[in-house]
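> Just so we're aligned, residue 1 is where the sequence shown starts under our numbering, counting upward by one.
Using N, Cα and C, we set each Cβ at its ideal position, and we do this for glycine too.
These figures come from a predicted structure and were not determined experimentally.
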Amino acid sequence: MFLREAQGRLFAALRMTANGDATGRGMEIRESRRIGLYCLAGAALALGVWAQTDAEEKFRGQREAMVREQLMERDVRDERVLQAMREVPRHRFVPPAWQNQAYADRPLPIGEDQTISQPYIVGLMTQLAAPQPEVVVLEIGTGSGYQAAVLARLARRVYSIEILPRLGEEAARRLQELGYENVEVKIGDGYLGWPEKAPFDAIVVTAAPPEIPPALVAQLKRGGRMVLPVGQTDQNQQLLLLEKSKTSDEVTGRNVIPVRFVPMVEQPGGSGK
Ligand code: SAH
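#1: Assess contact between the stretch 238-248 and the stretch 218-225, defined as three or more Cβ pairs (one per stretch) separated by less than 8 Å. Is contact present?
#2: Identify the residues that DSSP records as bridge partners of N255: which are they?
#3: When every heavy atom of the ligand SAH is checked, does at least one fall within less than 7 Å of the C-beta of G111?
#4: Thinking C-alpha only, which one of V137, L175, L164 is nearest P195?
#5: Does the Cβ of R225 have 16 or more other Cβ atoms within 10 Å, making it buried, or fewer, making it exposed?
#6: Say yes only if the C-beta of E169 is nearer than 7 Å to one or more non-hydrogen atoms of the ligand SAH, and no if none qualify.
#7: Among I110, P258, R30, R74, which has the Cα closest to the Cα of R166?
#8: In angstroms, rounded to a whole number, what distance separates the CA positions of A43 and T53?
#9: Name the two residues that bound the continuous alpha helix (DSSP H) containing I94.
#10: Roughly how far, in whole angstroms, is the beta-carbon of Y103 from the beta-carbon of M66, given that I think they are within contact range, below 8 Å?
#11: Looking at the strands, I want to know which residues DSSP matches up with E184.
#12: At a cut-off of 7 Å, is E177 close to the ligand SAH when judged by its beta-carbon and the heavy atoms of the ligand?
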């Protein structure tokens, strides 16, 4: 905002100066005007850089506080997860109008009636999925791309599926701009998983299906973990942690906490449910 204002003023000054030299009062005046212009341009540039650095510093401080107060003081203690969440610029994943709320203890709207999860929920799900540096993770529900970015800092590779093209394409662009080269986003139906890339060491589902999707369980590696909210309505969802045995396809699970996610929708015309 500040930057735009400074630029506006600079252009106004430039216009005034350009219009003002109609009488041709000689080289000297023109020369000193030119020097003046350079000074002005330099000052505006410095102001812009300063304003931007200042904003980034402010967000960094908010991010530190978020990690301390919303994660560490609750039960997210895994140092790798905390470090990832100190690094991912959450404000870049929310619409400009919500940037000043980016580090607040709540979910935020990201358009198309969808939300970016509360930071605590992202931290908790990541900690439960426990991705190690060499693993491959599948995420269902790319949304803004924030959860994918956090996972990408911890795992070798992240595949993420989003059913709404506009959100998925925007998230893919954003992740690329921010340099997350180990994330691949696909527009598609999460109920089907991503068979070509399976099996996965971990699966993180960020929209709530009414029941555990069988295709996802099938695509989970032996010894792998799946974290997902399950519930018929948004009043009775539970966050589940499922673990597949290391030696068979047996799956065990436990309820973690009650949660409220947007529903995992079915693709018109049928799905793999
Ligand atoms: N993980 C996201 C937040 C997800 S919100 C983030 O960090 O921002 C849930 C997302 O799941 C929404 O974008 C929604 O469009 C998507 N979704 C819902 N049903 C889906 C399905 N069947 N397959 C893939 N994505 C789905």
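To lay it out plainly:
#1: yes
#2: L240
#3: no
#4: V137
#5: buried
#6: no
#7: I110
#8: 15 Å
#9: According to the sequence provided, residue 94 is Val. The question's Ile does not apply to it. Element bounds for V94: n/a, residue is neither H nor E.
#10: 4 Å
#11: Y159
#12: no
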